[in-house]
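J.:
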Amino acid sequence: MVSYVNVLLYGVGGIVVAGIALLVAFQEKLVYVPVLPGLTKSYPITPARLRLTYEDVWLRSSDGIKLHSWFIKLFPDCRGPTILFFQENAGNIAHRLEMVHIMLQRLQCNVFMLSYRGYGASDGYPSQHGIINDAQAALDHLSQRTDIDTDRIVVFGRSLGGAVGAVVTKNNPDKVAALILENTFTSILDMAGVLLPFLKWFIGGPGTKGPKILNFLVRSPWSTIDVIGQVKQPILFLSGLQDEMVPPSHMQMLYAKAAAHNRQCLFVEFPTGMHMDTWLAAGDHYWRTIQQFFEKHVPKNEHVHAFLLSLAAPCEQPSFYHIMLTVMEEYITVIP
Numbered sequence: 083m084v085s086y087v088n089v090l091l092y093g094v095g096g097i098v099v100a101g102i103a104l105l106v107a108f109q110e111k112l113v114y115v116p117v118l119p120g121l122t123k124s125y126p127i128t129p130a131r132l133r134l135t136y137e138d139v140w141l142r143s144s145d146g147i148k149l150h151s152w153f154i155k156l157f158p159d160c161r162g163p164t165i166l167f168f169q170e171n172a173g174n175i176a177h178r179l180e181m182v183h184i185m186l187q188r189l190q191c192n193v194f195m196l197s198y199r200g201y202g203a204s205d206g207y208p209s210q211h212g213i214i215n216d217a218q219a220a221l222d223h224l225s226q227r228t229d230i231d232t233d234r235i236v237v238f239g240r241s242l243g244g245a246v247g248a249v250v251t252k253n254n255p256d257k258v259a260a261l262i263l264e265n266t267f268t269s270i271l272d273m274a275g276v277l278l279p280f281l282k283w284f285i286g287g288p289g290t291k292g293p294k295i296l297n298f299l300v301r302s303p304w305s306t307i308d309v310i311g312q313v314k315q316p317i318l319f320l321s322g323l324q325d326e327m328v329p330p331s332h333m334q335m336l337y338a339k340a341a342a343h344n345r346q347c348l349f350v351e352f353p354t355g356m357h358m359d360t361w362l363a364a365g366d367h368y369w370r371t372i373q374q375f376f377e378k379h380v381p382k383n384e385h386v387h388a389f390l391l392s393l394a395a396p397c398e399q400p401s402f403y404h405i406m407l408t409v410m411e412e413y414i415t416v417i418p
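Sequential numbering from 83 applies to the sequence shown in my numbering.
#1: Does Lys-382 pass the burial test, meaning 16 or more other C-beta atoms within 10 Å, or should it be called exposed?
#2: State buried or exposed for Thr-306, treating a residue as buried only when at least 16 other CB atoms are found within 10 Å of its CB.
#3: Can you give the Cα-Cα distance for Gln-218 and Val-250, rounded to whole angstroms?
#4: Is Tyr-198 helix, strand or coil when you go by DSSP?
#5: Under a three-way DSSP split, which group does Asn-253 fall into?
#6: Less than 8 Å between the CB atoms is what I'm expecting for Leu-296 and Ile-310, so what's the real figure, rounded?
#7: For Asp-145, tell me which candidate among Phe-352, Tyr-207, Arg-301, Pro-119 has the shortest Cα-Cα distance.
#8: Can you give, in chain order, each stretch of the alpha helix (DSSP H) that sits fully within the region 204 to 282 and has at least 4 residues?
#9: Exposed or buried, what is Ala-342 when buried is set at 16 or more other beta-carbons lying within 10 Å of its beta-carbon?
#10: Quick check on DSSP: helix, strand or coil for Gln-399?
#11: List in chain order: all unbroken beta strand (DSSP E) runs of 3+ residues lying wholly within the region 278 to 316.
#12: For the putative contact between Leu-149 and Arg-227, defined by C-beta atoms under 8 Å, what is the C-beta separation to the nearest angstrom?
#13: Comparing C-alpha positions only, which one of Leu-336, Pro-330, Met-335, Ala-340 sits nearest to Phe-352?
#14: Count the other C-beta atoms from every protein chain shown that fall within 10 angstroms of the C-beta of Val-328, then say buried if there are 16 or more, exposed otherwise.
#15: For Phe-168, which residues of its own chain have a beta-carbon under 6 Å away from its beta-carbon, when the five flanking residues on both sides are left out?
#16: Out of Leu-156, Val-313, Thr-371, Trp-304, state which residue places its alpha-carbon closest to the alpha-carbon of Leu-132.
#17: If you count every other CB in all the chains shown that lies within 10 Å of the CB of Ile-420, and 16 or more means buried, which is it?
#18: Quick check: what's the CA-CA separation for Asn-59 versus Pro-158?
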């Protein structure tokens with residue numbers, strides 16, 4: 083009987099060890115999914131399909147990796163906010179174009195969509211260190227452009243993109259005006275226990291139980307909970323309460339950590355929002371929330387407005403500059 087129990091214990095133990103070994107070996111395949119099952123790595127559509135004004139932008143990360151991105155403008159001379167959008171872990175930027183199309187119209191903004199290394203048309207293989215470098219390259223590019231208002235660059239990240247966005251925002255207080263996080267996790271360490279409960283005692287963040295003896299094996303911990311408290315810019319937290327992947331409690335913990343150090347934080351819940359469709363399920367409430375956040379924390383550049391007004395002022399009859407000012411105001415006005 084004892085012999086049978088020992089064999090059973092050794093067998094179960096062996097299976098657990100083998101399972102953990104496989105998870106460690108293939109962890110990047112679980113965290114980063116550039117190609118969705120049944121699809122190819124290439125973009126299924128481009129912004130041209132949606133008749134959007136855009137340009138292909140090719141960048142070099144600090145380690146030499148060639149990166150692809152789309153810079154999509156509401157119209158050629160748009161000086162509204164520019165959103166640097168960081169996507170989730172699966173698929174590529176083309177799969178977000180439907181949402182971005184609506185974002186342009188509702189927020190009267192430009193959107194820069196970066197393909198992480200290994201995603202879309204970008205070279206290389208994804209890793210935490212590498213993607214942080216990629217995000218920095220995208221932000222550096224935007225901050226050097228002369229056709230946008232560089233004082234109104236907003237970082238927007240969903241899920242994994244929120245972890246990316248938190249790091250780049252923290253590292254660039256002079257380049258990023260505000261941060262938006264949507265359905266983001268506290269850390270990959272915590273998510274390991276959510277997706278695979280038997281790992282809770284071996285892998286986890288500071289707030290979890292157990293010895294966490296395998297934390298050192300996780301190569302992409304993405305510990306947003308350790309970063310968010312260091313962000314000084316305004317932060318908007320968008321949480322879908324029906325999120326089936328990241329527990330909404332993660333967003334609540336991130337907000338609590340941030341708000342303890344930053345008074346410019348806003349937390350908004352959307353009762354019907356799931357992990358990927360909060361923007362769609364919440365509808366007008368979702369977009370109005372972001373509009374109001376922009377109005378408060380990313381206002382339009384009054385210096386440009388005043389300059390155009392000064393050019394128009396001396397003319398008794400409507401001038402070219404007066405007409406141009408009127409047109410710009412109509413474009414800049416946020417859609418109700």
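Note that beta-carbon positions come from the ideal geometry of N, C-alpha and C, so glycine has one too.
T.: Taking the definition as stated:
#1: Residue numbering aside, residue 382 sits at position 300 when the sequence shown is read from its first letter. Burial call: buried.
#2: The residue you call residue 306 lines up with position 224 of the sequence shown. By the neighbour-count rule (16 or more Cβ atoms within 10 Å), Thr-306 is buried.
#3: In the sequence shown, counting from the first residue as 1, residue 218 sits at position 136. In the sequence shown, counting from the first residue as 1, residue 250 sits at position 168. Their backbone Cα atoms lie some 6 Å apart in a straight line.
#4: Taking the sequence shown and counting its residues from 1, one reaches residue 198 at position 116. In the structure shown, the three-state DSSP call for Tyr-198 is coil.
#5: In the sequence shown, counting from the first residue as 1, residue 253 sits at position 171. Helix.
#6: Locating residue 296 in the sequence shown gives position 214, where the first residue counts as 1. Locating residue 310 in the sequence shown gives position 228, where the first residue counts as 1. Not confirmed; about 24 Å, so no contact.
#7: Residue mapping note: residue 145 aligns to position 63 of the sequence shown, counting from 1. Among Phe-352, Tyr-207, Arg-301, Pro-119, the Cα nearest to that of Asp-145 is on Tyr-207.
#8: DSSP runs (the alpha helix (DSSP H)) wholly in the region 204 to 282: 210 to 225, 242 to 253, 270 to 277.
#9: The count along the sequence shown starts at 1 and reaches residue 342 at position 260. Residue burial annotation: Ala-342 is exposed, with fewer than 16 other C-beta atoms found within 10 angstroms of its C-beta.
#10: For this step, residue 399 is matched to residue 317 along the sequence shown. Caution applies to Gln-399, whose pLDDT of 43 falls short of 50 and renders its modelled position unreliable; the value that the coordinates give is listed next. Annotated three-state conformation of Gln-399 is coil, per DSSP.
#11: Segments of the beta strand (DSSP E) lying fully in the region 278 to 316: there are none.
#12: In the sequence shown, residue 149 corresponds to position 67, counting from 1. In the sequence shown, residue 227 corresponds to position 145, counting from 1. Contact doesn't hold; Cβ gap of about 16 Å is too wide.
#13: Mapped onto the sequence shown, residue 352 falls at position 270. The shortest C-alpha to C-alpha distance from Phe-352 to any of Leu-336, Pro-330, Met-335, Ala-340 is the one to Pro-330.
#14: Working through the sequence shown from its first residue, we reach residue 328 at position 246. With 16 or more other Cβ atoms inside 10 Å of its own Cβ, Val-328 counts as buried.
#15: Within the sequence shown, numbered from 1, the residue matching residue 168 stands at position 86. Answer for Phe-168: Gly-239, Gly-243, Val-246, Gly-247, listed in chain order.
#16: Position 50 of the sequence shown, counting from 1, holds the residue named residue 132. Comparing alpha-carbon positions, the option among Leu-156, Val-313, Thr-371, Trp-304 lying closest to Leu-132 turns out to be Leu-156.
#17: Only positions 83 to 418 of the chain appear in this structure, which leaves residue 420 out of reach.
#18: Nothing about residue 59 can be reported from this structure: the residues present for the chain run from 83 to 418 only.
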